[in-house]
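Worksheet: the structure to be examined is printed underneath.
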Amino acid sequence: QRQQQRRSVPTSQSTCIFASLVAFSEQEPPASLLKLNMIAEREKGWLLVVESLIETVPDDDSLGPAVITLFLDECPLPSKDTVHRLLCSLRLDQASLPNSTRKRSWHRNTCIVLGSIYKSALFNVHWRKNLLAVAVWQYFNNFFNCYFYNVFSLKSFENQFLISRTLENSPTHPLEVILQWRFYTSNSIKRQVGFCATWALDNIFVTPNRTYAYETTDVSHINVMLNHEDVSEYLKIGPDGLEARCDVSSFESVRCTFAVQDGVWYYEAIIYTPGVMQIGFATKRSRFLNHEGYGIGDDESSVAYDGCRQLLWYNAHSSRHEHDPWSPGDVVGCLLNIPTGTVMFYLNGQPLQRPHLEFLKNRPAGDGVFAAASFMSFQQCRFNFGAEPFKYPPDISFKYGGATLTVEQKTILPRRRRLELLQKEPIPENYCTICYAYPGDTVLTPCMHGGFCNTCSMQLDHCPLCRQAIESRVEDEARRVSIRKVSENQVYSAAGHRMSIGQAHFTPHRTMTEL
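Following full-length UniProt numbering, the residues of the sequence shown are numbered contiguously, the last one being 515.
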């Protein structure tokens with residue numbers, strides 16, 4: 001009788017879950033989701049809500065994964081005993097059998113829950129290993145529709161060395177088998193699986209003697225791509241710089257590498273997931289407040305099309321449009337007409353009834369406009385800035401493409417590779433001791449303590465060494481002159497504030513913050 005009660009979804013929890021899925025179109029969290037958080041404040045309530053999420057959230061609801069991840073991120077952390085009871089109630093050993101009657105949505109939701117719980121870093125290594133043995137390997141041979149949620153769970157587990165060794169000792173490496181799926185165009189699920197597998201092999205489960213994906217990707221014909229130096233920290237960008245994916249609960253954003261000042265410009269975005277994405281245009285003034293849930297279209301410097309919630313976003317206000325909800329395989333067209341001051345969005349070639357006017361009307365003179373987008377949990381799309389023929393070009397003369405990119409701008413380095421390069425290249429002793437990004441050429445008076453850059457010193461009221469009040473800041477010319485060329489392939493520049501190493505370049509402070 002107790003097992004039957006566990007398997008039945010409580011009415012109050014299921015009602016709140018369905019209400020959250022329906023009301024998720026607003027900027028603020030729906031009241032039903034807040035009610036779920038209140039129920040989960042107690043251990044027993046947390047267990048009931050999580051079990052209800054696993055059983056209730058349907059497979060075909062595009063907002064389901066976002067609701068699960070947001071709930072688990074916002075609610076109080078469970079104890080080890082509560083998580084152990086959850087694993088026992090799920091009966092993972094039976095759920096992974098071929099004759100299991102569990103629905104596909106149950107497996108997907110379980111993988112999301114396990115990955116989110118494991119990221120909380122509550123448990124010791126021994127307990128983590130036991131969870132790994134029970135929770136993950138049971139799922140890898142399930143429906144291929146759940147593969148990328150399995151990969152998401154794998155990436156969250158701490159003992160990555162154990163996972164990598166197990167994968168390498170397999171007769172056929174499970175991730176390498178599905179690498180080619182990232183080139184699928186007719187199957188969006190397989191394309192997501194291949195993208196996640198490629199990212200995992202490049203960044204986490206790195207195998208010896210394997211070539212990184214960016215080293216084998218031809219980008220010679222691409223002159224506009226997503227800017228890997230103008231992106232929020234958790235967004236994943238593909239090796240060709242044209243595909244992006246988000247697997248976290250924050251709202252991740254990115255701009256492209258090319259800004260336009262005048263003329264008529266057009267680009268397309270191929271949708272692979274039907275969830276929340278805001279695709280459109282932005283200037284440099286648009287801020288990426290990913291943890292606050294603000295992205296493209298949430299300030300006066302950006303405008304975005306949301307095909308999931310059927311909304312047009314500008315300055316954090318939304319207006320409903322007449323297009324049907326987008327689905328995998330759909331193509332969103334974005335037309336920027338600066339001479340007429342209009343922005344038009346298309347879905348599979350069908351334009352909106354009215355163009356958007358406020359964005360360009362309120363744009364400060366001289367501000368360049370970038371293609372930009374924001375992504376919610378488990379969302380992915382691919383951009384076409386003109387490197388390939390457009391599927392639905394508008395019946396108006398327009399421009400596409402952009403400026404010539406350098407080799408450094410075209411190189412999308414894996415984060416692991418960037419860390420390796422950063423570790424090999426020592427930062428000079430005379431760089432700023434706070435940010436390590438700029439020359440430490442500023443001395444504070446009257447204490448005369450130095451080693452800080454001008455940018456950091458301007459943010460200080462008191463010396464960080466002696467706590468004496470700062471009266472003035474003096475540039476130490478001797479320190480600036482001493483910063484010179486370190487090697488043939490590496491230049492530390494006080495003007496450029498950047499390290500160039502071979503085919504890769506990055507800002508040390510930003511890279512260290514990301515990693």
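Where a beta carbon is used, it is the ideal one built from N, C-alpha and C, also for glycine.
This one's a predicted model, so the numbers in the text were calculated from it and none came from an experiment.
Nearest-angstrom Cα separation, counted from residue j out to residue i
i	j	result
Thr82	Leu357	53 Å
Ile483	Cys334	Note that Ile483 scores a pLDDT of 46, beneath 50, so its modelled location is shaky and nothing firm can be said.
Thr411	Lys80	43 Å
Gly368	Ala403	13 Å
Val193	Leu33	29 Å
Val248	Asp60	20 Å
Tyr214	Pro355	38 Å
Gly341	Pro76	48 Å
Glu233	Arg287	13 Å
Pro439	Ala259	30 Å
Met225	Thr445	46 Å
Gly115	Arg108	11 Å
His221	Gly275	30 Å
Thr406	Asn454	29 Å
Cys466	Met448	10 Å
Pro364	Arg309	29 Å
Ile296	Lys103	36 Å
Arg418	Leu352	42 Å
Gln380	Arg245	4 Å
Lys35	Glu74	12 Å
Phe281	Phe71	30 Å
Leu179	Arg191	9 Å
residue 517	Cys463	Because the chain in this structure spans residues 1 to 515, residue 517 falls outside the shown range and cannot be described.
Asp461	Leu413	38 Å
Asp330	Pro394	16 Å
Ala197	Arg320	36 Å
Ser186	Pro328	9 Å
His173	Arg91	27 Å
Thr228	Lys424	According to the sequence provided, residue 228 is His. The question's Thr does not apply to it. Whole-angstrom Cα-Cα distance: 21 Å.
Gly392	Asp324	First, the residue type needs correcting, since residue 392 is Tyr and not Gly in the sequence shown. Cα-Cα distance, rounded: 17 Å.
Asp230	Glu420	21 Å
Ser188	Thr101	25 Å
Pro428	Leu87	50 Å
Outcome for residue i when other beta-carbon atoms lying within 10 angstroms are tallied against a minimum of 16
i	result
Asn209	exposed
Gly432	In the sequence on display, residue 432 carries Cys and not Gly. Cys432 comes out buried.
Trp181	buried
Phe378	buried
Pro171	exposed
Phe370	buried
Asn362	exposed
Ala66	buried
Glu388	exposed
His317	exposed
Pro339	exposed
Ile204	buried
Thr216	exposed
Gly349	exposed
CA nearest to the CA of residue i, picked from the options
i	options	result
Val254	Ile270, Ile68 and Leu289	Leu289
Ser89	Gly64, Ile54, Pro76 and Ile178	Ile54
Ala437	Leu422, Arg108 and Cys75	Leu422
His291	Gly368, His462 and Ser374	Ser374
Met344	Asp330, Leu360 and Gly329	Leu360
Asn430	Asp476, Gln468 and Leu70	Asp476
Phe383	Tyr267, Arg363, Gly275 and Leu336	Tyr267
Gly64	Lys284, Thr273, Lys424 and Asp298	Thr273
Asn307	Phe452, Ile271 and Gly401	A small correction: the amino acid at residue 307 is Gly; Asn does not occupy that position in the sequence shown. Ranking the options by Cα distance to Gly307, first place goes to Ile271.
Glu41	Phe452, Pro78, Ile68 and Arg285	Pro78
Ser301	Thr56, Ala372, Val113 and His173	Ala372
Ile396	Pro426, Leu336 and Lys424	Leu336
residue 599	Tyr212, Tyr400 and Val303	Lying outside 1 to 515, the shown extent of the chain, residue 599 is not represented and no answer is given.
Val443	Gly238, Arg473 and Arg285	Arg473
Phe195	Gly451, Leu242 and Trp106	Leu242
Phe452	Asp324, Ile434 and Ala469	Ile434
His84	Thr56, Ser105, Leu47 and Trp106	Leu47
Whole-Å CB distance - residue i paired with residue j, under 8 Å assumed
i	j	result
Trp326	Leu347	6 Å
Ile279	Tyr305	5 Å
Tyr184	Phe251	Rounded, the Cβ-Cβ distance is 27 Å, inconsistent with contact.
Met376	Met277	7 Å
Phe390	Val264	That pair is no contact at about 14 Å.
Ala200	Leu175	6 Å
Val113	Ile39	Actually they do not touch by this definition, with Cβ atoms about 16 Å apart.
Asp240	Val219	6 Å
Practice prompt. At 3 residues or longer, and completely inside the stretch 195 to 229: list those beta strand (DSSP E) runs for me, N to C.
Written response: none
Practice prompt. Please list the segments of the beta strand (DSSP E) lying wholly inside the stretch 261 to 309, counting only runs of 3 or more residues, in order along the chain.
Written response: 264 to 271, 277 to 282 and 302 to 306
Worksheet item: Which ranges does the alpha helix (DSSP H) cover as unbroken runs of at least 4 residues, wholly within the stretch 338 to 409, from first to last along the chain?
Response: 358 to 361
Worksheet item: Which whole runs of the alpha helix (DSSP H) in the stretch 29 to 68 are 4 residues long or more, in chain order?
Response: 31 to 39 and 43 to 56
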